[in-house]
Amino acid sequence: MFLFTLVLVVLFLPEADTLTCECVPGPYVNCSKETTKCPSQYDRCLVATEVKVKGGANVTERNYKGCITSDLCLNYSINVGAYRIVQSSKCCSEDLCNAQINYTKPEYNSTTNGKKCFSCDGENCTKTLNCAGDENYCVKVTGKSLTLKGCASELACLDKAASLVNEFTGSNISCCQGDYCNSASNTIKNPFRPLVSAISFFRS
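The sequence shown runs -18 to -1, 1 to 186 under mature numbering (1 follows the signal peptide of the UniProt record, and there is no 0).
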């Protein structure tokens, strides 16, 4: 009798409330409807704009919305010399709250900060890149058929981003501190998958 009662209790327990967000497909968001019920681990609705900058001008802009965890609601910058990726993010925690938030183009600081990293020019990956703004890390991106090197902001190097972004790209990124530490001959600390979908975005 006790077992039967326990089964009934479990069957009729109310489902845990999960967040509902407006959804617009983007680099890290897949959706087929205008709204989406978030998985239980996602506690924020996201509004993000990701821009590819070349020669000081925006050449590609992606706006997207969806579900995210609070620790991945990030503003970041990655510079590989030929291009720079900058993202601005806003997050909220109420159902459909991101429907009321406008997209915001990210601001980027082009003033050099004194840090120097290697970047790639074709197959030559020993070119010097002068980092700018808050890009205080050197970075190396390795894909199946492409290697990129450059500068990255600290938030682009968070380990917590690895599991989420690995669902969308097979590239590997390593970050390190110290001038020219992203040399191929060095062992780079803090390996993780990319925070940006670098391979597909830089080739677009």
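Each residue gets a CB set at the ideal place from its N, CA and C atoms; glycine is no exception. Please read all numbers here as calculations on a predicted model, not as lab measurements.
- Query: Does DSSP put N112 in a helix, in a strand, or in coil?
  - Reply: strand
- Query: Out of curiosity, what's the CA-to-CA distance linking S165 and A138?
  - Reply: 19 angstroms
- Would you report the Cα separation of R44 and P88, rounded to the nearest angstrom? 11 angstroms
- Residue span of the beta strand (DSSP E) that contains V11, given as start and end: Looking at the DSSP string, V11 is not in any beta strand (DSSP E), and its letter there is neither H nor E.
- Message: Taking its Cβ as the centre, do 16 or more other Cβ atoms sit within 10 Å of P21, making it buried, or is it exposed?
- Response: exposed
- Message: For L128 and A81, what's the separation of their Cα atoms in angstroms?
- Response: 37 angstroms
- Message: Tell me the residue span of the beta strand (DSSP E) that contains A39.
- Response: 39 to 50
- Query: Using CA coordinates, which residue listed in G37, V29, G38, S52 is at the minimum distance from Y46?
  - Reply: V29
- Query: Alpha carbon to alpha carbon, how far is C102 from P9?
  - Reply: 24 angstroms
- Task: Tell me, please, whether the CB atom of T(-1) is closer than 9 angstroms to any CB atom in chain D?
- Result: Included in the structure is just one protein chain, with no chain D present.
- Neighbourhood of T108 by C-beta distance below 7 angstroms, restricted to the same chain and skipping five residues each side: F100
- Might you give, ordered along the chain, the residues of its own chain that have their beta carbon closer than 8 angstroms to the beta carbon of S92, omitting 5 neighbours on each side? G38, A114, G115
- Query: Given that a residue counts as buried once 16 or more other Cβ atoms are within 10 Å of its Cβ, and exposed if not, what is S75?
  - Reply: exposed
- Task: Report buried or exposed for V41, applying the criterion of at least 16 other Cβ atoms within 10 angstroms of its Cβ.
- Result: exposed
- Message: Tell me the DSSP secondary structure of L28 in three-state form.
- Response: strand
- Exposure label - K72; buried when at least 16 CB within 10 Å: buried
- If you compare alpha carbons, which of T18, Q69, K36, V11 is closest to C79? T18
- Is E117 helix, strand or coil by DSSP? coil
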